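Here the structure comes first, spelled out in structure tokens, and everything after it is commentary.
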Amino acid sequence: MESLIPVKRAREDDSENHEERENIVNRLESIQKSRKKLPILYMEQEIMESIKENTFTLICGETGSGKSTQVPQFLYEADFSSSKCPGKIGITQPRRIAAISLAQRVANELNLEIGKEVGYQIRYDASTINPALNKIKFMTDGILLREIEGDFLLSSYSAIIIDEAHERSINTDILLGFLSRIAPLRAKKGNPLKVVIMSATLRISDFTENTSLFPSGAPPVIHIESRQFPVTVHFSKTTSAETYLDSAFEKTLKIHTRLPEGGILIFVTSKKDVTTLKKRLKTAISKEEAVILGLYSMLPYSKQKKIFSPPSSRRMIVVSTNVSETSLTIPGIKYVVDTGLEKRKVFSGNLKMSKYVVTWISKASAEQRSGRAGRVSAGHCYRLYSNAAYGIHFEEYRPPEILNLPISSVILQLKSIGIRNVEQFPFPTCPDRSSFAEALNLLDKLGSIKQCRKGKGDVYDITDLGRKMAEFPISPRFSKMLILSDQHNIVKWMCILVALLEIEQVFKFDFEGETAKESVKKSKEFHAKWFSGESDLLCGVKAFLKFIKINDAEKEDFCEENHLNYNKLKEVEDLSMQLLRIYKDDKTIETNEFLIPYPHRKEREQLLKCLISGFIDQVATKIDIPDDYSKTKRIPYTISTPTDTSIYPKDYAALGIKKDTFFIHPSSYLYGSYPSLIVYQHLLFTKRPYMIGITKVKQEWLDSLQINN
């Protein structure tokens with residue numbers, strides 16, 4: 001049996017007379033040897049002195065330096081989360097898979113059982129042996145935000161680590177703003193909260209130069225200069241974004257056939273890319289030579305775990321989205337193939353449109369990706385783009401998420417916690433005034449805030465309805481629908497509908513070997529059985545109610561047969577149950593609450609009336625077109641309505657409340673019938689601005705809601 005090494009002090013250079021620690025660690029000898037190779041281990045004393053002497057500490061280090069796994073252990077060994085320093089050590093991650101895998105790795109290194117001293121919590125899942133025993137808790141940043149709503153001072157924590165701060169997720173940014181005020185308040189009360197902000201890149205000026213975030217001066221910065229192993233970066237001679245999958249396929253085959261053993265990690269843009277490239281590689285490489293796996297955020301954790309147990313006799317090849325850029329350590333990876341591309345959601349506040357675009361990653365992300373090859377040994381990164389393209393087309397950093405998303409949920413959440421003027425909140429990067437105005441206007445229309453004083457900017461206070469809406473971890477639009485549904489005894493159906501709206505993409509639209517247009521057509525034919533005539537959005541309700549009645553062992557087969565997304569439907573199941581538990585204030589509610597029939601006509605009508613209340617600003621009416629309109633005319637794209645509406649084709653035109661011109665997307669079951677009044681879920685811009693998720697609307701419904709269309 002492998003020997004254990006007891007660790008009773010936080011550092012080897014502690015004085016012999018130093019008071020003995022409470023949190024005693026008995027590590028396996030092999031773990032202790034591997035830890036000593038990490039660059040961060042030799043900076044433990046400097047890190048701990050900074051944390052003890054300062055409220056905030058910034059740790060900036062290259063990927064592979066060991067900060068994500070070791071800093072929580074430093075704090076634990078220094079008796080944070082003990083009788084001397086009560087309160088858990090909390091660590092946030094932007095991604096769920098990272099929160100789970102890091103919790104398991106830290107528990108393993110400390111030789112502790114996951115779910116007891118070391119635990120994790122993500123949306124719909126938590127280590128459940130006994131969360132009350134947790135001394136180290138990994139979680140997604142959204143989980144900690146919810147905890148702030150119930151306990152503003154985070155009194156159950158002695159230290160908070162914000163990991164991967166450089167990713168600038170919207171939840172991380174909001175957390176940093178809160179912590180910049182919470183930690184000083186805790187210090188004044190004599191119950192200090194230590195905050196450690198960790199970034200894998202040198203993007204720290206957003207924090208150190210932000211006087212709004214740190215009015216008393218920038219916190220100390222500790223740089224970890226090196227990674228564990230060197231990585232050699234190879235640029236391509238030419239760049240072709242159009243053929244990146246072909247290039248990745250060819251480069252991977254060359255590495256596999258010509259270079260020594262070692263795992264290969266390939267970065268692509270989407271789940272579809274992962275599936276396509278995996279299939280091509282499996283055709284070209286025999287099973288005896290390699291294990292080929294895919295990795296993306298919605299992959300079930302049971303399948304994600306396979307990448308952490310590489311085969312000893314065969315090469316492992318992992319095709320991944322950017323979920324593998326940070327925190328995760330995939331064992332055995334020696335070669336990285338970087339396409340240099342990612343799929344990014346871009347939102348236009350002025351047009352209220354979102355679109356997914358395949359675009360170049362940032363230079364910081366490129367460094368992150370190359371670092372994946374240096375985690376377990378010296379490695380190589382093959383960039384499928386030229387050095388010139390890298391210098392010209394790659395921005396330094398990915399834009400903060402808060403600049404690319406609507407912020408209505410953020411504003412309602414801030415107001416529910418007591419932030420009266422949200423424009424004065426210490427955002428690391430403040431949204432522009434138009435984003436605030438757009439969000440405040442929507443929340444006002446939804447009735448969640450009301451004007452309470454004169455002036456410009458944020459002159460609103462939260463209403464009682466707004467406070468109820470803020471209790472739900474969903475968009476304000478959807479929480480409004482859910483609250484209104486109680487008046488008509490349709491809460492359970494609305495929980496399902498809202499969960500479907502929040503999760504999206506339960507229907508698969510991609511068919512292997514088909515073009516995008518052909519896939520949409522085939523998918524509509526495949527899923528037509530779920531459409532009842534009134535709304536695209538009710539299709540998902542019918543499919544889910546069938547799914548929930550299927551035996552668990554047969555659910556995946558059911559989804560495969562019906563071209564449904566099993567992972568998404570499981571998320572809908574979990575979120576529906578969570579919403580009903582919050583609504584009824586009953587944590588014992590289980591899935592069998594949703595073993596209910598599809599709603600009858602009158603119940604569906606009430607569901608759709610509530611739906612309109614959430615999309616009150618997204619009603620559209622068909623433009624009248626002269627009968628002699630010629631379809632040979634071309635359409636100039638415009639966001640304003642011209643006086644001569646005859647230039648628009650009858651089959652596509654709809655006039656929105658704000659006089660913007662949009663089009664029903666071909667994926668809609670109402671495409672071709674074109675009701676005179678509709679509500680749309682959101683806008684998507686491809687060749688033109690399309691409305692997605694269409695529902696028929698009756699004029700009397702609008703009149704009852706006092707909507708002026």
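So in full-length UniProt numbering the end of the sequence shown lands on 709, straight run, no missing numbers.
Backbone N, C-alpha and C define an ideal beta-carbon position, used for all residues, glycine too.
Bear in mind the structure is a predicted one, so any value in this text is a computation, not a measurement.
Taken atom to atom, the span from the alpha-carbon of Ala543 to that of Lys272 is near 23 Å. Pairwise C-beta distances place the segment 405-424 in contact with the segment 435-443, as three or more of them are shorter than 8 Å.
Per DSSP, Tyr244 is one residue of the alpha helix (DSSP H) stretching across 244-258. Less than 8 Å separates the beta-carbon of Asp173 from that of Phe427. Counting only residues of its own chain and dropping the five nearest sequence neighbours on each side, Glu593 has a CB closer than 8 Å to the CB of Lys492, Met577, Leu580.
Per DSSP, Tyr598 lies in no alpha helix (DSSP H) and is assigned neither H nor E. For the alpha helix (DSSP H) assignment, the segment 113-144 encloses no uninterrupted run of at least 4 residues. Looking at the backbone, the Cα of Phe249 and that of Ser101 are separated by about 28 Å. Within the model, the alpha-carbon separation for Leu482 versus Gly457 is close to 29 Å. With a 10 Å radius around the Cβ and a threshold of 16 neighbouring Cβ atoms, Pro72 comes out buried.
Assignment of Cys610 by DSSP, reduced to helix, strand and coil, places it in the helix class. Annotated as proximal: Lys549 and Leu595, with beta-carbon spacing under 8 Å. When DSSP reads this structure, Ile162 sits in a beta bridge with Thr92, Ile197. For Pro476, the three-state secondary structure derived from DSSP is helix. Look at the beta carbons and you see the segment 83-93 touching the segment 155-162: at least three pairs across the two are nearer than 8 Å.
Judged by their CB atoms, Asn565 and Val506 are nearer to each other than the 8 Å cut-off. Phe526 is bridged by DSSP to nothing; it lacks a bridge partner. For Leu133, the number of other beta carbons within 10 angstroms of its own is below 16, and it is reported as exposed. Taking C-beta separations shorter than 7 Å and ignoring five residues to either side along the sequence, the partners of Val221 in its chain run Leu58, Cys60, Ile204, Thr208, following chain order.
Note that the C-beta distance between Ile694 and His682 is not below 8 Å.
For Arg375, there is no enclosing alpha helix (DSSP H), since its DSSP letter is neither H nor E. Selection Tyr124, Leu193, Lys303, Glu113 evaluated against Leu75 yields Leu193 as nearest (Cα-Cα). Here Gly150 is exposed. Its C-beta has fewer than 16 other C-beta atoms within 10 Å. Shortest Cα-Cα distance from Arg375 to any of Gly533, His223, Ser82, Val231 involves Val231.
Gly150 sits in a helix when the DSSP states are folded into three classes.
Between the C-alpha atoms of Gly533 and Val358 there is a straight-line separation of about 34 Å. Put simply, of Leu110, Lys282, Lys480 the residue whose alpha carbon is nearest the alpha carbon of Leu28 is Leu110. When rounded, the separation of the alpha-carbon atoms in Gly115 and Ala364 is 34 Å. Below 8 Å, too few C-beta pairs join the segment 299-309 and the segment 276-285 to call them touching: fewer than three.
DSSP, reduced to helix, strand and coil, places Leu443 within a helical segment of the structure shown. Note: Ser320 is bridge-paired with Phe267, Leu295 in the DSSP secondary-structure output.
With distances taken between CA atoms, Leu405 lies nearest to Arg168 out of Leu611, Arg168, Leu112, Ala103. Selection Pro331, Arg315, Ala373 evaluated against Arg105 yields Pro331 as nearest (Cα-Cα). Check the Cα spacing between Ser180 and each of His166, Asn191, Val196, Ile170: the tightest is with Val196.
For Cys430, no alpha helix (DSSP H) segment is defined, and its DSSP state is neither H nor E.
When the five nearest sequence neighbours on each side are left out, the beta carbons in the same chain lying within less than 6 Å of the beta carbon of Pro599 are those of Trp493, in order along the chain.
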